[in-house]
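Below: one structure, written as structure tokens.
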Amino acid sequence: MFLTKLSVLATLLALASAQFSPNYKDGRNGMVHLFEWKWDDIAAECENFLGPYGFAGLQVSPVNENAVIGGRPWWERYQPISYKLTTRSGNEQQFASMVKRCNAVGVRTYVDVVFNHMSANGNSRGTAGSQADPGSKSFPAVPFSTLDFNPTCSITNYNDPKNIRNCELVGLRDLNQGNSWVRDKIVDFLNHLVDLGVAGFRVDAAKHMWPADLAVIYGRVKNLNTAHGFNAGAKPYIFQEVIDLGGEAISKSEYTGLGAVTEFRHSDSIGKVFRGKDQLRYLVNWGTAWGFAASDRSLVFVDNHDNQRGHGAGGADVLTYKVPKQYKMASAFMLAHPFGTPRVMSSFAFSDTDQGPPTSDGSNIASPRFNSDMSCNNGWVCEHRWRQIYNMVGFRNAAANAQLQNWWDNGKNQIAFSRGNRAFVAFNNDGYDLSSSLQTGLPAGTYCDVISGSKSGSSCTGKSVVVGSDGRANISIRQNEQDGVLAIHVNAKL
Ligand code: AAO
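What the sequence shown shows, in my numbering, is residues 1142 to 1635, in sequence order.
As structure tokens, then:
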């Protein structure tokens, strides 16, 4: 009897905590944010690249109708007009087909959901053709009216939770999630996406909503759609955008009971370390000791779509594709280290912070084109197609659940560690060469360094590393090498 009760309790606990699991397919790890990509292009990317290279998931830009804003800045997508699924990325049928095709090759979809607010802008037309009048808080395509919003006031004081949660973020009309009609509309929107086969949500501006309201909304979202291969009873993975760098009234701990949070301290700290403002040896206790949320509550990233261009909490230390050597080192560290649920940023090239994605005609989003080395052109950066990054997704998959072991450092900016006996990585951020005999933890053999090249048949297009019967290998990363990382793993054994 007691045991039965215990097992019922365990099952209930497992169900209650399921929204902390990303619902990845076994053997896969690593998510990519395909910022502003079109649905048809993503479907093809799942089949041609993400599936074959072991990616577990992808985050898409907001899927629901947004205000059409002059000059088509990227941020128009954060100004909702309705919950119709038509944007510059495509329509509902294209989105549904994309999710299905991605699930079929083992890649899960996470939607950036914007329900803190509606559009701020003038007399608006949306991307699905709906009209709205944000001035009078009228959004007939939902419908929402002035009754559904908090009274107008501006967010001016990050030391006042009421101001942060009941007022308007940069003038965006602030929905009242305590209102039952508003809750119904949000839950319908999320459940519709679950029906289409998504695996979870990034909740935009979660910090600007009351945790108690979010708890009710999340609690009403359906379990994932088993027709798309999810386990019965699986809940959507929820990662909430809560910027908490300290020094403000609202703490991420108010949200970590409800889901994961976007861990901005990870982005801030990893940027400082690989920019040389902190020594690599201090990474020995990377994790909660750095002020991060618990590993299963932390969605981690080097940069995101805001801070890579100075929006949100964008410090000067954030690393982006514009500083490729340091960016690749930081990304490799994030993917090699067991902490958190990592998300790789995939950008379009930009020179001004408002600039939208590349277009074919000033309005329609252009598709990425691919070079012979698999990298992108036509305005797209595609960090996820950089060998040093996608091969580290392969490293993370090879490492699986193996513990971090064999930590080594030179007392400064050269470090190395293994993931059990499955994978080994070394970094050199000093102004001189790394050349040492190090314990790799790996079985004896010759391995391909997946940073300088890739395994191709029985050979390696980059450096080879010979591991002796004692697990040691001579590791060399010269200061002037293109990359400051070396990585080997059991799936890259020659
Ligand atoms: C656009 C225009 C605005 C116009 C508005 C309405 O740019 O001029 O008023 O339309 O017409 C995005 C863009 C916005 C854009 C908006 C709507 O970034 O520029 O506004 O779409 O089109 C706060 C929020 C956070 C938010 C971030 C941008 O807390 O939720 O601002 N991020 C999300 C999305 C983002 C989107 C929205 C929300 C809106 O990811 O793409 O906006 O849907 C402090 C606070 C942070 C706060 C920042 C910025 O941060 O902690 O919570 O983020 O301030 O206000 C240090 C501190 C750090 C501090 C930071 C401030 O780093 O340590 O705590 O300084 O710089």
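Glycine residues also receive a C-beta, built at the ideal position from the N, C-alpha and C atoms.
Inset, instruction - Say yes only if the C-beta of Q1200 is nearer than 7 Å to one or more non-hydrogen atoms of the ligand AAO, and no if none qualify. - result: no
Inset, instruction - Grab me the residues of D1345's own chain with a C-beta within less than 8 Å of its C-beta, minus the 5 sequence neighbours each way, in chain order. - result: P1203, Y1219, D1253, V1254, V1255, F1256, N1257 and E1382
Inset, instruction - Would you decide whether L1288 is buried or exposed? Buried here means 16 or more other CB atoms lie within 10 Å of its CB. - result: exposed
Legend entry - Other residues of its chain near S1605: CB distance less than 8 Å, five sequence neighbours each side excluded: T1587, Y1588, C1589, D1590 and L1635
Inset, instruction - Assign P1664 to one of three DSSP states: helix, strand, or coil. - result: Past the boundaries of the shown model lies residue 1664; the chain is included only from 1142 to 1635, so the question cannot be answered.
Inset, instruction - Taking A1557 as the reference, give the member of S1577, D1493 and P1377 with the closest Cα. - result: S1577
Inset, instruction - Can you tell me which of D1444, A1237 and E1622 puts its alpha carbon nearest to the alpha carbon of D1458? - result: D1444
Inset, instruction - For the alpha helix (DSSP H) containing M1470, list its first residue and its last residue. - result: P1465 to A1477
Inset, instruction - From the DSSP output, in three-state form, read off L1334 for me. - result: helix
Inset, instruction - Run the CB neighbour count on P1639, radius 10 Å, all protein chains shown included, and call it buried at 16 or more, exposed below. - result: With the chain covering only 1142 through 1635, there is no way to say anything about residue 1639.
Inset, instruction - Take the Cβ of Q1623 as the centre, count every other Cβ of all protein chains shown within 10 Å, and call the residue buried at 16 or more, exposed below. - result: exposed
Legend entry - Backbone CA spacing between T1152 and A1375 [nearest angstrom]: In this prediction, T1152 scores a pLDDT of 43, lower than 50, which makes its location untrustworthy; the coordinate-derived value is nonetheless stated afterwards. Rounded to whole angstroms, T1152 to A1375 spans 12 Å at the Cα level.
Legend entry - Beta-carbon contacts of S1158 that lie in its chain and below 6 Å, excluding the five residues immediately before and after: Low confidence applies here, because S1158 scores a pLDDT of 47, under 50, leaving its location unreliable and the question unanswered by this model.
Legend entry - Identity of the residue in W1427, N1244 and V1402 nearest L1337 by Cα: N1244
Inset, instruction - Tell me whether W1549 sits in a helix, a strand or coil according to DSSP, three-state version. - result: strand
Legend entry - Strand pairing of N1634, partner residues [DSSP]: According to the sequence shown, residue 1634 is Lys rather than Asn. Bridge partners of K1634: Y1588.
Inset, instruction - Would you check if the distance between the CB atom of Y1165 and the CB atom of A1197 is smaller than 8 Å? - result: yes
Legend entry - Residues near A1435 by beta carbon distance below 8 Å, same chain, minus five either side: T1397 and T1429
Inset, instruction - Could you tell me whether any non-hydrogen atom of the ligand AAO is closer than 7 Å to the CB of A1628? - result: no
Inset, instruction - Could you tell me which uninterrupted beta strand (DSSP E) segments, each at least 3 residues in length, are contained entirely in the stretch 1291-1367, listed from first to last along the chain? - result: 1341-1344
Legend entry - DSSP state of N1615 mapped onto helix, strand, coil: strand
Inset, instruction - Please state whether DSSP places K1393 in a helix, a strand or coil. - result: helix
Inset, instruction - Assign S1619 to one of two classes, buried (16 or more other C-beta atoms within 10 Å of its C-beta) or exposed (fewer than that). - result: Going by the sequence as given, residue 1619 is Arg instead of Ser. So R1619 counts as exposed.
Inset, instruction - State the start and end residues of the unbroken beta strand (DSSP E) segment that holds R1484. - result: T1482 to S1487
Inset, instruction - State the Cα-Cα distance for the pair L1175 and L1399, rounded to the nearest angstrom. - result: 25 Å
Legend entry - H1258 - partner residues in DSSP beta bridges: D1315
Inset, instruction - Kindly examine the ligand AAO and report whether one of its heavy atoms sits closer than 7 Å to the Cβ of G1267. - result: no
Inset, instruction - Could you tell me if P1221 is buried or exposed, where buried requires 16 or more neighbouring beta carbons within 10 angstroms of its beta carbon? - result: buried
Inset, instruction - Would you mind sorting M1142 into buried or exposed? The rule is 16 or more other CB atoms within 10 Å of its CB. - result: Any reading at M1142 is ruled out, since the residue's pLDDT is 40, under 50, leaving its predicted position unreliable.
Legend entry - Closer than 7 Å: Y1531 CB and nearest the ligand AAO heavy atom: no
Legend entry - First and last residue of the uninterrupted alpha helix (DSSP H) at S1238: E1233 to A1245
Inset, instruction - Tell me whether D1574 sits in a helix, a strand or coil according to DSSP, three-state version. - result: coil
Inset, instruction - Taking 8 Å as the cut-off, decide whether the C-beta atoms of A1473 and V1566 are in contact. - result: yes
Inset, instruction - Starting from A1557, trace the beta strand (DSSP E) both ways and give me its first and last residue. - result: Q1555 to R1560
Inset, instruction - May I have the straight-line CA-CA distance separating N1307 from K1179, to the nearest angstrom? - result: 34 Å
Legend entry - Per-residue burial, V1149 [other beta carbons within 10 Å of its own, 16 or more giving buried]: Any answer about V1149 is weak, because its pLDDT of 46 lies below 50 and its placement is not dependable; what the coordinates show is given next. Exposed, because fewer than 16 other Cβ atoms sit within 10 Å of the Cβ of V1149.
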